[in-house]
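First the structure, in the form of C-alpha cells, and then the observations on it.
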Amino acid sequence: MMAAFIGAAHAATPEQRATDLVAHMSLDEKVAQLQSGAAALKRLDVPAYDWWNEGLHGAARAGYATVFPQAIGLAASWDPELMHAVGEAVSREARARFDAIGAGRDHARYEGLTIWSPNVNIFRDPRWGRGQETYGEDPYLTGRLAVGFVQGIQGSDPAHPRAIATPKHFAVHSGPEAGRHGFDIDVSPHDLEATFLPAFRAAVTEGRAGSVMCAYNALHGTPVCADAGLLDDTLRKGWGFTGYVVSDCDAIDDMTKFHYYRPDNAGSSAAAIRAGTDLDCGYAYADLGEAVRRGDVPESVLDTSLVRLFAARYRLGELGAPAVRPAAVDEKAHAALALRAALESLVLLKNDNGTLPLRGKPRIAVVGPNADTVETLEANYHATPRAPITPLQGLRTRFGAGNVTYAQGSPIAAGVPVPLPETALRTPDGAIGLTGSYFDNADFKGKPRTVRTDRTIDFDWDHVSPAHLPKGPYAVRWTGAVLPPGPGDYTLAVHVERCFDCAGHDPVRLFVDGKPVIDDAGDDKHSQATLHFDDARPHDVRLELVHSGEDQGVRLQWLPPANAQLAEAGRAIAGADVTVAFVGLSPDVEGEELHVDVPGFDGGDRTDIGLPAAQQALLEHSAASGKPLVVVLMSGSAVALNWAREHASAIVAAWYPGESGGTAIAQALAGDYNPAGRLPVTFYRSVRDLPPFTSYQMKGRTYRYFEGTPLYGFGYGLSYTRFAYGAAKVSSTTLDAGQTLTASVEVRNTGDREGDEVVQAYLTYPSDDALAPKHALVGLARTHLKAGEARRVSFALDPRRLSSVDAAGRRAVVPGDYGLFLGGGQPGDASGERASFHIDGRQALPK
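Set out below in C-alpha cells:
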C-alpha cells in the first residue's frame, strides 16, 4: 500500500517523503489537498485533515480546555517567559486532543495541530474591535511576546514540533472591520518597515514559526495573499521562512468578489498560489484544477505548495507515524498558570491615598455589568472553561459572601442586552436562580437526567454536554420567576451562541406568566420581546432549549429600565464601606465583524472610545454615596476613563482575564498579590486625539508618534510598593555602527512589600532624524524584588534595536548622538535613569 511505501523510508526527510507522496496524486487529488478541509485520499492511505485550529489564549472551540486571559491581557504582563509557558500549555492540550483521536485518522476542524495564532498585527487604533487579539501597539513588545508564544507552541525540536504556530494576519491589517474584505491599504515604506513588519519578522526569524497567515486586505492595490513581494521576496528570501502560508478564511474568494483582482476564483487562486499562498482557508482553491487546465498556473506550482504542506504533516507525526496514547494534561498546573497569567495581566492605573489593597473585612458593594458574566472572562477565540470564576464569585470567596452585596446597575450599552443577574432570578422554592431540568433527549421525555439550581443562565457549552449528559441531543427546561427591580418596560432576550457553517441550530422558547414571548427556531429573528411590568412582584418564567443542532450555549438576557437598575445599585451601596464597579466593554460589542449597531459601536469596532453612557451614569451614581469607588475595567481595548481618573479612588485594568479572572482580581484587591502589569497600548482621552480610523499613517498614533497628552501612557502601571533606579551604565559611550551596546541599571524595591517591576529601555534618536519616533522601546525585563532588594538589570542592544528606517523603508544604524532611558515606564512618565552614547559610521541592515 502507499502508506507502507512512503512510511518505509524513515531516513528520508519530511520534504522527500512529501515529494514521493505528491508524485502519486492526480490533479484533482492535489486540488483537494490545497484547501483547509483536506479530504481523505483512501487509495493513498492519507486521512482527512482540517488545518483550521485556534489557540489564541487556549486550545479553542473544541470543548473543555484552559482559558487564559485574552491576548491583550497577556501582553499587559510584559512577560515573554509567561507567553512561552502559555503557548506550551495551549499546544499540550491541543496535542492531547489530537492524540485522543490518533495519528493516521481523520481530524476535523479544531482537532488538528496547526494552530492559527498568534495575532501579531499592530493595535494602531483603539477603535479596532479585534485589537483585543493582539499584543498591543508596539512592534518590539509584540515581537518579544510573539517569539515566546510561538516557541512555546512549537517546542524545542524543529524536526518534531508539538504543534505549528501561525502568526497572522500578514501584513498591515488592523481594521476597520466593515469593508475588511476589500480594503486597500496605502502605507508608506517607512511605516511598513518601522511598524508593521518587525513583529512578523521576529516570529519567523527568531521564533521559527512553521506557518504564516496572509490577510484579507490589499496593499497598494495587490491583495496580500497574492503579493509575491511580501510572500516570496520578504518572507521567504528575506527572512528565510521555510514553512507554509495559509490564507485568512475566504481571502482568496475576496480577491474575486471584493478586490476584483481577477474575474473568477480560478484566476484569483492561480495568482495566490503563484505568489506563495500554499493553503486556502475556504473553497476558492477548488477551482485550481480549472486554472491549471487553462494555463493560468503550472501544476508544478501546486506541487511546491503540497510538498510544504505534507512535510509539515510528517513533522507533526500526523502521517506515517503510529498512534500514541494521549499524554496526560496537568490540569492543575494549567489552571495555576491561568491564574498566574490573570494576576500578571492586572494593571493598577490609579490608587489615591492607598485605597488598595482593601484592608480588614470591608463591606463591599459590587456593581456593574461585567461583575458576573462568563463572556467577559472568555473574550473571543476561546475554549470552554470547566469552572470559570467571575469577579463577584472571586470577591465572595476572598472576603466572605456576607460581606458582599451586588447589583448589576446597568447594561454594557444602550440596546445591548446583558445576562439576567442572580438578583432577578428565583427558583420555585425561593432560592436564588432558576431550577434547571436536564433531559438526555430532545423531546423532554421521561424524567430529567439531572435537576439542579442554576444561579444565572449564562452558559458556554461549545462541544460539551452540560450536567453530565451524554453526547448527543438534549433538552433543558428552566423554571422559576423573574424579579424586576422596579416597574417599567423590560426587554427580555435569549442569546444562543450560534455555530458557524454547521448542520443545524438549537430552538429556544421563553414563557412569562404562562404566555409564550419568544419562539426562536434558530434564525435569531424572534429572540427578543419587550414586556411592561407594573411593579416589582415576581413573574413566572420558563425557558426551554432543545440542543438538536450544533450551537454552543445559551444566555437569558435583559434590558431593564435605567432608573430601576440605578436604584437597586444604590440599595446595594447603602450598607457598604466601598464600591467596586466592574465596567467596560464585552465581546458582544467589540470583536470580529459583529452584527451590532448601537451608539458608540459599529460592526465590532467602536466609534467612541469613552465609557458607554449607561455605565458612566452608574459610576456617577455610585460615587454620589461619598464612599470610596474602585473601578475595575474589563475590556479588550483602551477606554477613555476621563471621569474615573478624576473622581474614582482607584482604577484597575483587568482586560478579559480568563477562567481565573475573578480569583485574580479578588487577590489583587485584597493585597494577596501586588499588581505589576503595564499597558501595552496608549489610553487616549478622546477619538478627537486620533487620525481617521481608515488611515494607516502612523503619524499621530501610538506612544511613538502621538504628540498629545494621553490619559495613560503605553508602559504605565503602578504597584503597592515603590521602586528606585540608579547608576545607569553603557558598555561604551562611542561605538561603531554594527556593534552591540550593553546597558544596565540598578533597580531597588524601596517599599515595604515584595513585587514585580517591569524595567523598560527606551531609545531616543539623533535630532536630525525627522522620521524617527519620539522614543522607542528596545528592552524590557519583568523583575521580582523583595522589599529592600536591589538588582542590576542589563540589556544587550544589538544593531537592529539601535537602527532606524528612512523614507524609502531602508533600515540602517546611522551615526549621531543617542539617548537611553532605563526605568519603570516611558521617559517623563516614570522614575528611571538616562545614559547617552554616540554611534560612528553607518551600517545597512536587511529588512
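According to the working numbering, the sequence shown holds residues 394 to 1240 in order. Every residue gets a Cβ at the ideal spot worked out from N, C-alpha and C, and that includes glycine.
Nearest-angstrom Cβ-Cβ length linking residue i and residue j, presumed shorter than 8 angstroms
| i | j | result |
| --- | --- | --- |
| GLY1029 | VAL460 | That belief does not hold up - the Cβ atoms of GLY1029 and VAL460 are roughly 14 angstroms apart, past 8 angstroms. |
| PHE904 | VAL934 | 7 angstroms |
| LEU1178 | ARG1184 | 6 angstroms |
| ASP647 | SER662 | Between SER662 and ASP647 the Cβ distance is about 12 angstroms, and since that is not below 8 angstroms, they are no contact. |
| ASP882 | THR923 | 6 angstroms |
| LEU813 | GLY826 | About 10 angstroms; that fails the 8 angstroms criterion. |
| LEU624 | GLY568 | Actually they are not in contact, since the Cβ atoms of LEU624 and GLY568 sit about 22 angstroms apart, beyond 8 angstroms. |
| ALA595 | ALA558 | 13 angstroms between Cβ atoms; not a contact. |
Rounded separation between residue i and residue j - CA only
| i | j | result |
| --- | --- | --- |
| GLY480 | SER604 | 15 angstroms |
| SER920 | ASP944 | 15 angstroms |
| ALA734 | GLY1070 | 10 angstroms |
| CYS642 | ALA455 | 19 angstroms |
| TYR1098 | PHE1230 | 23 angstroms |
| PHE1116 | HIS583 | 37 angstroms |
| LEU749 | TYR1096 | 28 angstroms |
| ARG845 | ALA868 | 14 angstroms |
| GLN428 | THR507 | 14 angstroms |
| ALA396 | LEU590 | No answer about ALA396 holds up, because its pLDDT of 44 lies below 50 and its placement is not dependable. |
| ALA1061 | LEU612 | 44 angstroms |
| ASP906 | ILE546 | 52 angstroms |
| VAL1206 | THR527 | 29 angstroms |
| TRP444 | ALA800 | 45 angstroms |
| PHE634 | PHE593 | 11 angstroms |
| ALA731 | SER858 | 23 angstroms |
| GLN1090 | LEU585 | 10 angstroms |
| TYR1066 | THR972 | 20 angstroms |
| GLY495 | LYS423 | 24 angstroms |
| ALA602 | VAL543 | 6 angstroms |
| TRP521 | LEU1083 | 13 angstroms |
| LEU1273 | ASP927 | Absent from the model: residue 1273. The displayed extent of the chain is 394 to 1240, so no value can be given. |
| HIS932 | LYS908 | 11 angstroms |
| SER698 | ASP671 | 5 angstroms |
| ALA1228 | PHE1214 | 7 angstroms |
Residue i: first and last residue of the uninterrupted alpha helix (DSSP H) it sits in
| i | result |
| --- | --- |
| THR598 | 591-598 |
| ARG1185 | Run containing ARG1185: none in the alpha helix (DSSP H); it sits in the beta strand (DSSP E), 1183-1190. |
| ASP696 | 692-709 |
| GLU1013 | 1006-1016 |
| ALA679 | Looking at the DSSP string, ALA679 is not in any alpha helix (DSSP H), and its letter there is neither H nor E. |
| THR1056 | 1054-1063 |
| ILE825 | Careful: ILE825 lies outside any alpha helix (DSSP H) and carries neither H nor E. |
| THR790 | 784-792 |
| ARG1193 | No alpha helix (DSSP H) contains ARG1193, which DSSP labels as neither H nor E. |
beta-carbon residue i near the ligand GDP non-hydrogen atom, thresh 7 angstroms
| i | result |
| --- | --- |
| ALA1010 | The model depicted lacks the ligand GDP and carries no ligand whatsoever. |
Those residues which DSSP pairs with residue i across a bridge
| i | result |
| --- | --- |
| MET1027 | GLY977 |
| LEU612 | ILE578, THR615 |
| CYS607 | PHE563, SER640 |
| HIS940 | TYR867 |
| GLU1150 | THR1176 |
| ASP998 | ASP995, GLY996 |
| HIS1231 | THR1127, ASP1210 |
| VAL442 | It should be pointed out that residue 442 corresponds to Tyr in this sequence rather than to Val. Note: TYR442 sits in a beta bridge opposite ALA431, HIS500. |
| HIS932 | VAL875 |
| PHE852 | VAL947 |
Unbroken beta strand (DSSP E) run spanning residue i, endpoints
| i | result |
| --- | --- |
| TRP871 | 867-875 |
| GLY946 | 946-952 |
| GLY881 | 881-889 |
| LYS908 | 908-913 |
Check whether residue i and residue j have beta carbons under 8 angstroms apart
| i | j | result |
| --- | --- | --- |
| PHE1107 | ASP472 | no |
| ARG1194 | ASP518 | no |
| LYS743 | ILE1044 | yes |
| VAL617 | PHE563 | yes |
| GLY575 | HIS652 | yes |
| ALA758 | ILE966 | yes |
| ALA1174 | VAL1152 | yes |
| GLU986 | GLU570 | yes |
| ALA433 | ASP499 | yes |
| HIS775 | ALA453 | yes |
| LEU862 | ASP836 | no |
| THR1133 | PRO1085 | no |
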